[in-house]
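Taking this note's numbering as reference, the numbering of the sequence shown is continuous, increasing by one, and the terminal residue is 1179. The block underneath contains the structure these notes are about, expressed in structure tokens.
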Amino acid sequence: MYRDGMLPNCSKPFLLFALFCYPTRTMKFWCNYATCMMENIDLDQGYSFAFAYSNNPTYQLTAIHIRGDIFDLTTLPNISSLRDFVLDQSQLNTVIVKLTMEESTVTISNTPLKTIIFHESRNLREVRIDKSLLGSVPETLVAQDLLQTLFITNALLTVIDFNLFETLPNLLYVDFNGNKIHALHIPPASTCCRRLVSLNLQQNRLENFNFGLLALMNCLEIVTLRENRIVKVENVEPIDAKPPNLPQFCTTNALRHDSVSYSRYASLTTIDLDSNRMREVNISMFCTMPNLMELMLSRNLLTSVTVTNGHLPARLEALELNANKLANADLRCDFLVDMGGNYDILVRFRAIASSTARSCLSNSSRRDDFFDAAAFAFSMAALDGGITCAPPPLPSLLFFESV
777 MYRDGMLPNC SKPFLLFALF CYPTRTMKFW CNYATCMMEN IDLDQGYSFA
827 FAYSNNPTYQ LTAIHIRGDI FDLTTLPNIS SLRDFVLDQS QLNTVIVKLT
877 MEESTVTISN TPLKTIIFHE SRNLREVRID KSLLGSVPET LVAQDLLQTL
927 FITNALLTVI DFNLFETLPN LLYVDFNGNK IHALHIPPAS TCCRRLVSLN
977 LQQNRLENFN FGLLALMNCL EIVTLRENRI VKVENVEPID AKPPNLPQFC
1027 TTNALRHDSV SYSRYASLTT IDLDSNRMRE VNISMFCTMP NLMELMLSRN
1077 LLTSVTVTNG HLPARLEALE LNANKLANAD LRCDFLVDMG GNYDILVRFR
1127 AIASSTARSC LSNSSRRDDF FDAAAFAFSM AALDGGITCA PPPLPSLLFF
1177 ESV
């Protein structure tokens, strides 16, 4: 029995060791048929021997908590058949992979990766990299002509040069969400991204955006630009650009193409500009987009929304203007909407019998019935929210909806 809480001198070193030396994680490696997993591997340790004694070809490899500088998969035996590579929660600077199987995929997350090299790889279909330190799109992706999905999210990308995508004719989905992108280089004569369906540039540092450079990407359906620093958008198309692919090359079916402008923005249905810094916008600039249905402009600094000569996108169904600084929105030269403070306001258009139905909406008023605009002009100024609608005679219907 030791009085006063004192321990013998011989016990003190053991106590310090117990306090400051945490138990090490056990290195694990196992294979189940064609699927292998490795965990808690230090690259300074010998680990490649485990693959040498594998009885089956490895189609899928999952690596977790890998520590070291360079993880070179090309040196591992018996993984020439590797098709799916997953890396998570590791401490690595560089990864070198070689994937030659059809429809190969790479998924990397939660790893401070600065470089990834696709060494002699082909047939790569999907690359998803999240929460890394990549500062640019890997140049070795140039040869991946079958690549369909490219996600590099929450990284350090600053400039995107679309010249890189010229050799990726099958690219469908691009997501660069959560980077530091401040510039996009899309050459006016570029033929890239002709099958691109979705482009996500959310949460970056863009200050301007020219939709005209996307005009010939006639399969593009969704452009997401929310949470940038955009103060100005424009729609200036390049001169003498090369003609686009025909619409039948797109993956989307049942699109209605305008007989004149089907080759410009033929598939574009949604533009998301939510949470930027725009102070004014002219909706007429989007009239060249024959299938545009949703335009999101909420949470900007808008004080002015205008339309030139009454021209609106032909199939626009929803125009979101929530949480701006609007007092008035001039949606056509003789159609004025008093926004009454502009909180929780959605202006919704409905395409009915090939004409555009127009609406006024307030968070404090609601009307669910339809009526003929040509026979009915109305005022709602007395309602809470102060919405005043005075539509001209139009061969269309009006629809009210609160959000």
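We treat Cβ as the ideally placed atom computed from N, Cα and C, and that holds for glycine. The model shown is predicted, which means the values in this text are computed figures rather than measured ones.
Check each candidate in N886, V913, E879, T891 and name the one with the smallest Cα separation from R898. Residue 898 sits at position 122 when you count from the first residue of the sequence shown. For the set N886, V913, E879, T891, the Cα lying nearest the Cα of R898 is the one of E879.
Am I right that T838 and I855 are in contact with their C-beta atoms under 8 Å? What's the rounded C-beta distance? The residue you call residue 838 lines up with position 62 of the sequence shown. The residue you call residue 855 lines up with position 79 of the sequence shown. Actually they are not in contact, since the Cβ atoms of T838 and I855 sit about 13 Å apart, beyond 8 Å.
If we ignore side chains and look at the alpha-carbon of each, how far apart do S1051 and S1060 end up? Taking the first residue of the sequence shown as 1, we reach residue 1051 at position 275. Taking the first residue of the sequence shown as 1, we reach residue 1060 at position 284. Separation of S1051 and S1060 (C-alpha to C-alpha, rounded to the nearest whole angstrom) is 21 Å.
Count the other C-beta atoms from every protein chain shown that fall within 10 angstroms of the C-beta of Q865, then say buried if there are 16 or more, exposed otherwise. Stepping through the sequence shown from its first residue, residue 865 is reached at position 89. By the 10 Å Cβ count, Q865 comes out exposed.
What did DSSP end up calling I855 once you bin it into helix, strand or coil? What you label residue 855 is simply residue 79 of the sequence shown in a count that begins at 1. Correct three-state label for I855: coil.
In chain order, what residues of the same chain have a beta carbon less than 7 Å from the beta carbon of F1043, not counting five sequence neighbours either side? As a first step, residue 1043 must be located in the sequence shown, where it is residue number 267. It should be pointed out that residue 1043 corresponds to Ser in this sequence rather than to Phe. Taken in chain order, the residues that qualify are N994, C995, L996, E997, C1026, T1028, L1031, N1067.
When every heavy atom of the ligand MN is checked, does at least one fall within less than 7 Å of the C-beta of A1094? Summarising the ligand content, the structure contains no ligands, and the ligand MN is consequently not present.
Which stretch, first to last residue, makes up the beta strand (DSSP E) that contains C807? By one-based count along the sequence shown, residue 807 stands at place 31. Here the beta strand (DSSP E) through C807 covers 804-808.
State the Cα-Cα distance for the pair I817 and L922, rounded to the nearest angstrom. By one-based count along the sequence shown, residue 817 stands at place 41. By one-based count along the sequence shown, residue 922 stands at place 146. I817 and L922: Cα-Cα distance of roughly 32 Å.
Can you tell me which residues form a DSSP beta bridge with Y949? Along the sequence shown, read from residue 1 onward, the residue named residue 949 stands at position 173. In DSSP, Y949 forms a bridge with T925, S974.
Is it right to say R1005 is buried, meaning 16 or more other beta carbons lie within 10 angstroms of its own, or is it exposed? In the sequence shown, residue 1005 corresponds to position 229, counting from 1. When all chains shown are included, R1005 counts as exposed.
With H, G and I counted as helix, E and B as strand and the rest as coil, what does DSSP make of N939? Within the sequence shown, numbered from 1, the residue matching residue 939 stands at position 163. Reduced to three states, the DSSP call for N939 is helix.
If you reduce the DSSP assignment to three classes, tell me which class L1068 lands in. Position 292 of the sequence shown, counted from the start, is the residue given in the question as residue 1068. Look at L1068 here: in three-state DSSP terms it is coil, with no helix or strand label.
Which ranges does the beta strand (DSSP E) cover as unbroken runs of at least 3 residues, wholly within the region 867-912, from first to last along the chain? Positions of the beta strand (DSSP E) runs, each at least 3 residues long and wholly inside the region 867-912, are given as 870-873, 880-885, 891-894, 900-906 in order along the chain.
By how many angstroms is the C-alpha of V935 removed from the C-alpha of D906? As a working mapping, residue 906 is identified with position 130 in the sequence shown. As a working mapping, residue 935 is identified with position 159 in the sequence shown. Our two residues, D906 and V935, have alpha carbons roughly 17 Å apart in a direct line.
Would you call the CB atoms of E1096 and S1074 closer than 8 Å? For this step, residue 1096 is matched to residue 320 along the sequence shown. For this step, residue 1074 is matched to residue 298 along the sequence shown. Contact: yes.
Which residue from L977, A810, L889 puts its Cα closest to that of N955? The residue labelled residue 955 in the question sits at position 179 within the sequence shown. Checked all of L977, A810, L889; the closest Cα to N955 is L977.
So which of L1078, M1072, N984 has the shortest CA-CA distance to A959? Start at 1 with the first residue of the sequence shown, and residue 959 comes out as number 183. Closest option to A959, judged by alpha-carbon separation, among L1078, M1072, N984: N984.
Residues in its own chain within less than 6 Å of L975 by CB, not counting five upstream and five downstream? On the sequence shown, residue 975 is found 199 positions in, with the first residue counted as 1. For L975, same chain residues with a beta-carbon under 6 Å away, outside a window of 5 residues either side, are V950, V999 in chain order.
Taking the alpha carbon of P964 as the reference point, which residue from Q979, E942, V1083, L948 has its own alpha carbon closest? In the sequence shown, residue 964 corresponds to position 188, counting from 1. With distances taken between Cα atoms, P964 lies closest to E942.
Could you name the residues of the same chain whose beta carbon sits closer than 6 Å to that of I840, not counting the 5 residues immediately before and after it, in chain order? Numbered from its first residue, the sequence shown carries residue 840 at position 64. Closer than 6 Å at the Cβ level, and outside the excluded window around I840, lie E815, D864, Q865.
Reducing DSSP to helix, strand and coil, say where M1061 ends up. In the sequence shown, the residue the question calls residue 1061 occupies position 285. The answer is helix: DSSP assigns M1061 an H, G or I state.
Per-residue burial, L858 [other beta carbons within 10 Å of its own, 16 or more giving buried]: For this step, residue 858 is matched to residue 82 along the sequence shown. By the Cβ neighbour-count rule, L858 is buried, with 16 or more other Cβ atoms within 10 Å of its own.
Inter-residue spacing [alpha-carbon to alpha-carbon] between T1180 and S908: With the chain covering 777 to 1179 only, the question about residue 1180 has no answer from this structure.
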